[in-house]
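Be aware that the sequence shown starts at 1, since it is given in full-length UniProt numbering, and climbs by one per residue.
Taking it in order: structure first as structure tokens, then the write-up.
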Amino acid sequence: MKNPFRQRVRKILMTTSTDIKQRIEALIELINTYNYQYYIIDNPEVPDAEYDRIFRELQSLEDQYPELKQPGSPTQRVGGEVLEKFAEVEHAIPMLSLDNVFDEDELTAFDKRVREWLNTTNQQTYAAEPKLDGLAISIRYENGILTRAATRGDGARGEDVTANVRTIKSVPLMLTGDDIPEVVEIRGEIFMPKAGFEKLNQTQ
């Protein structure tokens, strides 16, 4: 089955009369898609050589037309300095730790608290997933652009690790889609998979 997205992007890339701005935007969209396939779902569609060719074309265009360079471009995470000392930042909303439950009675009590908070007696549906043990992080986007990443710290204040987080390819520098909030914070865990840990050990 033909992929309409890839056909549309390739048409833009192959049309020499296409406006440079559209060409850059198409390259960014394509690279972000390939990054998602490679780093998130582990199912790359193109070989590394093709990815590198597209990436170099984007770099070349941005060098020729710096006024068209976007803050969310994939090129903006490359060559960034990883900081070792961090400024302290205050969280707009405290980052609290998660509670644990160890038996069915505690789980039932949790469900009861949820219903009371929602002011309902209706049965609730929950989504469950493994709890990965990593570094708690808050990533702030303004108008879809990553503007700050901070550790949890003591819950009220953390450390500004924006420069470091920008180097993580699975973290988007720019959000895409409809109805993106003007300001949104995404909170979760940053962790290193076993393969990455073993690779790091080999280089040290």
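Ideal Cβ placement from N, Cα and C applies to all residues, glycine included.
Because the structure is a prediction, the values reported are computed rather than measured.
Please go through the same chain and pick out, in chain order, the residues whose beta-carbon is closer than 6 Å to the beta-carbon of residue i, but skip the five residues on each side of it.
i: GLY188; result: none
i: LYS169; result: ASN35, TYR39
i: SER73; result: ILE28
i: ASN43; result: GLN37
Nearest by alpha-carbon distance to residue i: which of the options is it?
i: ASP133; options: LYS194, SER60, ILE28, GLU62; result: LYS194
i: ARG77; options: ILE41, GLN123, ALA163, ASP178; result: ALA163
i: PRO71; options: ALA49, ALA87, ALA156, ILE24; result: ILE24
i: LYS131; options: ARG166, GLY153, THR176, ILE190; result: ILE190
i: PRO172; options: THR147, LEU135, ASP63; result: THR147
i: GLU142; options: TYR126, THR125, ASP179, THR203; result: ASP179
i: HIS91; options: ILE20, ILE137, GLY177; result: ILE137
i: TYR65; options: ASP19, GLN124, THR33, ILE139; result: ASP19
What is the DSSP secondary structure of residue i, counted as helix, strand or coil?
i: LEU61; result: helix
i: ARG157; result: strand
i: GLY80; result: Below a pLDDT of 50, predicted positions are generally treated as unreliable, and GLY80, at 46, falls in that range; the measurement from the model is reported next regardless. Note: GLY80 maps to coil in three-state DSSP.
i: LEU173; result: coil
i: VAL89; result: strand
i: ILE168; result: coil
i: PHE102; result: coil
i: GLN124; result: coil
i: GLU45; result: coil
i: GLN70; result: coil
i: GLN22; result: helix
i: LEU132; result: coil
i: LEU96; result: coil
Bridge partners of residue i, per DSSP?
i: GLY188; result: ILE137
i: THR151; result: ILE137
i: VAL183; result: GLU142
Just to confirm my understanding: we take residue i, look at its own chain, exclude 5 residues before and 5 after, and list those with CB closer than 7 Å. What are they?
i: PRO94; result: GLY155, ALA156
i: GLY80; result: In this prediction, GLY80 has a pLDDT of 46, which is less than 50 and means its spatial position is unreliable; what the coordinates show is noted afterwards. So the list reads ALA163, ARG166, THR167, once near-sequence residues are dropped.
i: LYS69; result: GLU62
Report yes if the C-beta of residue i is less than 6 Å from at least one heavy atom of the ligand ADP; otherwise report no.
i: GLU159; result: Within the structure as shown, the ligand ADP is missing, as the structure has no ligands at all.
Check whether the Cβ of residue i lies closer than 7 Å to any Cβ atom in chain D.
i: ALA150; result: The structure shown contains no chain D, having only a single protein chain.
Excluding the 5 residues flanking residue i on each side, which residues of the same chain have their C-beta closer than 8 Å to its C-beta?
i: VAL89; result: ARG148, ALA150, ARG157, GLY158, GLU159, ASP160
i: LEU98; result: LYS131
**Q.** Given 8 Å, three or more beta-carbon pairs between the stretch 111-126 and the stretch 45-56
**A.** no
Q.
For the pair the stretch 195-202 and the stretch 174-186, tell me if three or more CB-CB distances fall below 8 Å.
A. no
Q. Should the stretch 117-130 be called in touch with the stretch 140-158, which here means at least 3 C-beta pairs below 8 Å?
A. no
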